[in-house]
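Below is one structure; the comments refer to it alone.
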Amino acid sequence: MLVLTRKPNESIQIGEDIEIKVLSIDGDQIKLGIDAPRHVDIHRKEIYTAIQQENNSASQSPINLFETLNIVKKS
Amino acid sequence: MKIQTRYFGEVQISEDEIVKFKQGLPGFNIEKEFVILPFSEEETPYHILQSVSTPSLAFVLGNPFVFFPDYEFELSESVTELLEIQSEKEVAVYIILTINEPFEKTTANLKAPVVINLNKGIGKQVVLNKEEYETKHFIMKEAVSKEGR
Chain A
4 MLVLTRKPNE
14 SIQIGEDIEI
24 KVLSIDGDQI
34 KLGIDAPRHV
44 DIHRKEIYTA
54 IQQENNSASQ
64 SPINLFETLN
74 IVKKS
Chain B
803 MKIQTRYFGE
813 VQISEDEIVK
823 FKQGLPGFNI
833 EKEFVILPFS
843 EEETPYHILQ
853 SVSTPSLAFV
863 LGNPFVFFPD
873 YEFELSESVT
883 ELLEIQSEKE
893 VAVYIILTIN
903 EPFEKTTANL
913 KAPVVINLNK
923 GIGKQVVLNK
933 EEYETKHFIM
943 KEAVSKEGR
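Protein sequences appear in the order of chains A and B.
All you need for our numbering is the position in the first sequence, starting with 1, plus 3.
All you need for our numbering is the position in the second sequence, starting with 1, plus 802.
Put into structure tokens, the structure is as follows:
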């Protein structure tokens, strides 16, 4: 991983069109501003990871789904 | 064309039924083409999101408004642009269900609904910024409490 040291109001440029700016620092909270093209999705990492994991679990739904859902329908 | 599916065996589909996910789904980035198959011929809140290229990969989708009548969110401009959405009428929204046993433990991912432009055949699993929506909501919670169990 590339490691860079930045101060408030300093930025990092990624490629042609992504800029990440340190807006402020307050204790252990760092506020970042991100400028990126619209087609680039930006997420808090833990939320994106949670969705990846949930998709993984969801794709493992039981193969005998018919029985499961049919039981629900009848009840 | 014929495809192999996780839940229905071999299924005949037509090209224009294929929904393209340009970025795949989180965790499944290389899966760009899916079809939506109704779970049964009768009216059902359940559908299957079946990968066209990977027979074993399928998700169970639910109609969110059946399970969560108050469910609502706004699509960002970047999403409406990506999905080329002109009007609300051409949009379908599904939630991905994680089926658990017993079925009462089944959860829905309200944080990341699957949004589809039906006319254009393009879709995206959208990650919402709403904090009240999480990746696991019990779909039976209301039903259970109503029946006083």
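Note that beta-carbon positions come from the ideal geometry of N, C-alpha and C, so glycine has one too.
Model, not experiment: these values are computed from the prediction.
- Task: For the beta strand (DSSP E) containing residue 909/B, list its first residue and its last residue.
- Result: Within the second sequence, numbered from 1, the residue matching residue 909/B stands at position 107. Per DSSP, the continuous beta strand (DSSP E) segment holding residue 909/B begins and ends at 909-919.
- Task: Locate the beta strand (DSSP E) running through residue 836/B, then write down its first and last residues.
- Result: For the purposes of this step, residue 836/B is identified with residue 34 of the second sequence, where counting begins at 1. Annotation: the continuous beta strand (DSSP E) that includes residue 836/B extends over 835-840.
- Message: Under 8 Å, CB to CB, which of the residues in the stretch 823-834 of chain B have a partner in chain A?
- Response: If the cut-off is 8 Å between Cβ atoms, the stretch 823-834 of chain B has 825, 827, 828, 829, 830 near chain A.
- Message: With the cut-off set at 7 Å, would you say residue 62/A and residue 861/B are in Cβ contact?
- Response: Numbered from its first residue, the first sequence carries residue 62/A at position 59. Numbered from its first residue, the second sequence carries residue 861/B at position 59. Going by C-beta atoms, residue 62/A is nearer than 7 Å to residue 861/B.
- What does residue 883/B touch in chain A if you count any residue whose Cβ is under 7 Å from its own? As a first step, residue 883/B is located in the second sequence; it is residue number 81 there, counting from the start. Under a criterion of Cβ atoms nearer than 7 Å, the residues of chain A adjacent to residue 883/B are, in order, 41.
- Quick one: Cα of residue 809/B to Cα of residue 858/B, how far? Against the second sequence, residue 809/B aligns to sequence position 7. Against the second sequence, residue 858/B aligns to sequence position 56. A straight line joining the alpha-carbon of residue 809/B with that of residue 858/B spans about 8 Å.
- Let me know if residue 828/B comes out buried or exposed under the rule of 16 or more other beta-carbons within 10 Å of its beta-carbon. On the second sequence, residue 828/B is found 26 positions in, with the first residue counted as 1. Sixteen is the threshold: when 16 or more other Cβ atoms of the shown chains lie within 10 Å of the Cβ of residue 828/B, as they do, the residue is buried.
- Task: Identify each residue in the stretch 909-929 of chain B for which the Cβ-Cβ distance to at least one residue of chain A is less than 7 Å, and report them in chain order.
- Result: From the stretch 909-929 of chain B, only 911, 913, 914, 929 have a Cβ closer than 7 Å to chain A.
- Query: Using a C-beta to C-beta distance shorter than 9 Å, which residues of chain B count as neighbours of residue 37/A?
  - Reply: Position 34 of the first sequence holds residue 37/A. What residue 37/A touches in chain B: nothing, since even the nearest Cβ is about 13 Å away.
- Task: Count the C-beta pairs between the stretch 859-878 of chain B and the stretch 908-925 of chain B that are closer than 8 Å, then say yes if the count reaches three, no if not.
- Result: At 8 Å Cβ cutoff, the stretches touch.
- Range of the contiguous beta strand (DSSP E) that encloses residue 894/B: In the second sequence, counting from the first residue as 1, residue 894/B sits at position 92. First-last of the beta strand (DSSP E) with residue 894/B: 893-900.
- Task: To the nearest angstrom, report how far apart residue 823/B and residue 30/A are at their CA atoms.
- Result: Translated into the one-based positions of the second sequence, residue 823/B becomes position 21. Translated into the one-based positions of the first sequence, residue 30/A becomes position 27. Roughly 41 Å between the two C-alpha positions.
- Item | Minimum C-alpha distance to residue 841/B - residue among 70/A, 36/A, 52/A | In the second sequence, the residue the question calls residue 841/B occupies position 39. Measuring from the Cα of residue 841/B, the nearest candidate turns out to be 70/A.
- Query: Just checking, does the stretch 13-33 of chain A make contact with the stretch 832-850 of chain B on the three C-beta pairs under 8 Å criterion?
  - Reply: Two segments are said to touch when three or more pairs of C-beta atoms, one from each, lie closer than 8 Å; by this definition the stretch 13-33 of chain A does not touch the stretch 832-850 of chain B.
- Task: Give the interface partners of residue 899/B over in chain A, defined as CB-CB distance under 8 Å, in chain order.
- Result: Taking the first residue of the second sequence as position 1, residue 899/B is located at position 97. Those within 8 Å of residue 899/B in chain A are 61, 64.
- Message: Please return the same chain residues whose Cβ sits closer than 8 Å to the Cβ of residue 884/B, not counting the five positions on each side in sequence.
- Response: Along the second sequence, one-based indexing puts residue 884/B at 82. Within the same chain, residue 884/B has close Cβ partners 824, 924, 926.
- Within-7 Å CB hit, residue 861/B to chain A: Counted from its first residue, the second sequence places residue 861/B at position 59. Closer than 7 Å: yes.
- Task: With a cut-off of 8 Å on the beta carbons, I'd call residue 57/A and residue 846/B a contact; round off their distance for me.
- Result: Indexing the first sequence from 1 puts residue 57/A at position 54. Indexing the second sequence from 1 puts residue 846/B at position 44. 22 Å between Cβ atoms; not a contact.
- Message: Check whether chain A comes within 7 Å of residue 873/B, counting only Cβ atoms and requiring the distance to be less than that.
- Response: Start at 1 with the first residue of the second sequence, and residue 873/B comes out as number 71. Nearest CB-CB separation between residue 873/B and chain A: not below the 7 Å threshold.
- Continuous beta strand (DSSP E) assignments of at least 3 residues falling wholly in the stretch 834-880 of chain B: 835-840, 848-853, 860-864, all fully within the stretch 834-880 of chain B.
- Have a look at 934/B, 914/B, 942/B, 918/B and flag the residue whose alpha-carbon is nearest the alpha-carbon of residue 52/A. Residue 52/A sits at position 49 when you count from the first residue of the first sequence. Among 934/B, 914/B, 942/B, 918/B, the Cα nearest to that of residue 52/A belongs to 914/B.
- Query: Does the beta-carbon of residue 839/B have 16 or more other beta-carbons within 10 angstroms, so that it is buried, or is it exposed?
  - Reply: Working through the second sequence from its first residue, we reach residue 839/B at position 37. It is buried - the Cβ of residue 839/B has at least 16 other Cβ atoms within 10 Å.
- Query: When the cut-off is 7 Å and only beta carbons count, does residue 58/A lie next to chain B?
  - Reply: Counting from one through the first sequence, the residue named residue 58/A turns up at place 55. Using beta-carbon distances, residue 58/A counts as an interface residue toward chain B, with a partner under 7 Å.
- Note the first and the last residue of the continuous alpha helix (DSSP H) segment covering residue 52/A. Counted from its first residue, the first sequence places residue 52/A at position 49. Boundaries of the alpha helix (DSSP H) harbouring residue 52/A: 48-62, taken from the DSSP string.
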